[in-house]
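Report on the following structure.
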Amino acid sequence: MPSRIAKLAATCAAVSLVATPVLAEKASQLVDINGSMGRDAEYQLRERGFAHVSTHKNDIGYVYSYWWDEADDDCVNVEVYDGRVMTINDASDQDCGHHKGNAGAAVAAVAGAAILGALLSHKSHHHEDNQHHEDRDAELAYERGYTDGLYHHPFHNPDRESAYVNGYHAGVSERQANAEHHYGRGGHAQVARFKDLQGARAAGGMSELERRGFRQVDNFTSGNTRYSIQWQPQSRQCVQVTIADGRLYDLRDIGRHPKCR
């Protein structure tokens, strides 16, 4: 009898070990990484069992990366701005290339999991509420818009779907961020570099622009912000420089200006 009880107890213990799932390390357990430099956060995530899946940018400077913990079946999204981690959020399995999220399941039921992977390339952070649409048709419309915007296809929304519009804007934003190194010139046209001066101290940055052949042709102020219009006659570049807090906050080629000639 005692041996039967011992065997039963051992069996129950074994079943209990099998039945108890490993708790996934959710975003709420990673808050200690907030505020750290991006490279340090990457090290911490790898130490905790996460593997990098993908990274996305937008045109206002935010970088979003997705990380997957295979052992815990968990996906998180890390938001970085100016080199530091701002937030870490839970993301759907779909965002990490797996197909267990609500939107993913809805589409998979119709299209199949293999097709789903090819169809849905946008991520949850592309949505304003950081959530995929639960409605299958809305999610697919968003994806069409995102793909058109990302690959510079013409805006085409015959059904006037708001999800398509939002997706298109998200795609355009990411395309512009991915091409931030480009100066908009084709072929063998010579251009003067200026984008690398973003964030530079105003005095040194303006002197460097002059060294590169730019000359100021106009300037104006708005509140505490100063704007300088710079013209490079050899490359015919017309650049607007925004100066705030003593630094070159933004530099962009505006194409034309009455005094750029």
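Per mature numbering (1 follows the signal peptide of the UniProt record, and there is no 0), the sequence shown runs over residues -24 to -1, 1 to 237. Glycine included, every Cβ here is placed at the ideal spot set by N, Cα and C. What you are looking at is a predicted structure, and each value in this text was computed from that prediction instead of being measured.
Quiz item: Should the segment 30 to 38 be regarded as contacting the segment 142 to 156, the criterion being three or more beta carbon pairs within less than 8 Å?
Solution: The segment 30 to 38, when compared against the segment 142 to 156, does touch it at the 8 Å Cβ threshold.
Quiz item: Starting from residue 301 and walking both ways along the alpha helix (DSSP H), at which residues does that stretch end?
Solution: Residue 301 lies beyond the range of the chain shown here (-24 to 237); nothing can be said about it.
Exercise. Could you name the residues of the same chain whose beta carbon sits closer than 7 Å to that of A220, not counting the 5 residues immediately before and after it, in chain order?
Key: Closer than 7 Å at the Cβ level, and outside the excluded window around A220, lie N200, T201.
Quiz prompt | Where G88 falls: helix, strand or coil (DSSP) | solution = Any reading at G88 needs caution, since the residue's pLDDT is 41, under 50, leaving its predicted position unreliable; the model's value is listed next. Note: G88 maps to coil in three-state DSSP.
Quiz item: From L21 to V56, what distance separates their C-alpha atoms?
Solution: Each residue's Cα considered, the two are about 14 Å apart.
Quiz prompt | Secondary structure of Y127, DSSP reduced to three states | solution = Correct three-state label for Y127: coil.
Quiz item: Which residues in the same chain have their Cβ closer than 6 Å to the Cβ of G125, if we skip the five residues on either side of it in sequence?
Solution: Answer for G125: Y144, G147, V148, listed in chain order.
Quiz item: Thinking C-alpha only, which one of W43, K99, Q192 is nearest Y19?
Solution: That would be W43, whose Cα lies nearest to the Cα of Y19.
Quiz prompt | Contacts around A114, its chain only, beta-carbon distance under 8 Å, and the 5 residues preceding and following it disregarded | solution = Counting only residues of its own chain and dropping the five nearest sequence neighbours on each side, A114 has a CB closer than 8 Å to the CB of E137, A139.
Practice problem: List the residues that DSSP assigns as beta-bridge partners of D50. | Solution: Partner(s): D45.
Quiz item: CB F190 to CB V215, shorter than 8 Å?
Solution: Contact: yes.
Self-check item: Three-state secondary structure (DSSP) of L227
Solution: DSSP, reduced to helix, strand and coil, places L227 within a strand of the structure shown.
Self-check item: Bridge partner(s) assigned by DSSP for E55
Solution: Per DSSP, Y40, T63.
Self-check item: Unbroken stretches of the alpha helix (DSSP H), 4 residues or longer, contained in the segment 110 to 171
Solution: You should have 112 to 126, 138 to 154.
Quiz item: In angstroms, rounded to a whole number, what distance separates the CA positions of A117 and D229?
Solution: If I take the Cα positions, the gap works out to 33 Å.
Quiz prompt | Contact under 8 Å by Cβ, L173 with L224 | solution = Their beta carbons are under 8 Å apart, which means L173 touches L224 by this criterion.
Quiz prompt | Integer Cβ distance of D69 from K2, believed to fall under 8 Å | solution = About 13 Å separates the Cβ atoms of D69 and K2, ruling out a contact at the 8 Å cut-off.
Quiz item: Which word fits R187, buried or exposed, when buried means at least 16 other C-beta atoms lie within 10 angstroms of its C-beta?
Solution: Classified as exposed, R187 has fewer than 16 neighbouring CB atoms from the shown chains inside 10 Å of its CB.
Quiz item: Does DSSP put C72 in a helix, a strand or coil?
Solution: Three-state result, C72: helix.
Quiz item: Alpha carbon to alpha carbon, how far is T218 from D111?
Solution: Whole-angstrom Cα-Cα distance: 42 Å.
Quiz item: If you count every other CB in all the chains shown that lies within 10 Å of the CB of Q206, and 16 or more means buried, which is it?
Solution: Buried.
Practice problem: Could you tell me the boundaries of the beta strand (DSSP E) in which R191 lies? | Solution: Counting along the chain, the beta strand (DSSP E) containing R191 begins and ends at 191 to 198.
Practice problem: May I have the straight-line CA-CA distance separating F196 from H102, to the nearest angstrom? | Solution: A straight line joining the alpha-carbon of F196 with that of H102 spans about 35 Å.
Exercise. Please name the residue, chosen from G11, D50, G37, that lies closest to R24 on a Cα-to-Cα basis.
Key: It is D50 whose Cα lies nearest to the Cα of R24.
Exercise. Express the C-alpha separation of T63 and G231 in angstroms, rounding to a whole number.
Key: Approximately 36 Å, taken between the alpha carbons.
Quiz prompt | Sequence-distant residues of its chain with Cβ nearer than 8 Å to G222 (five each side left out) | solution = Closer than 8 Å at the Cβ level, and outside the excluded window around G222, lie R177, A178.
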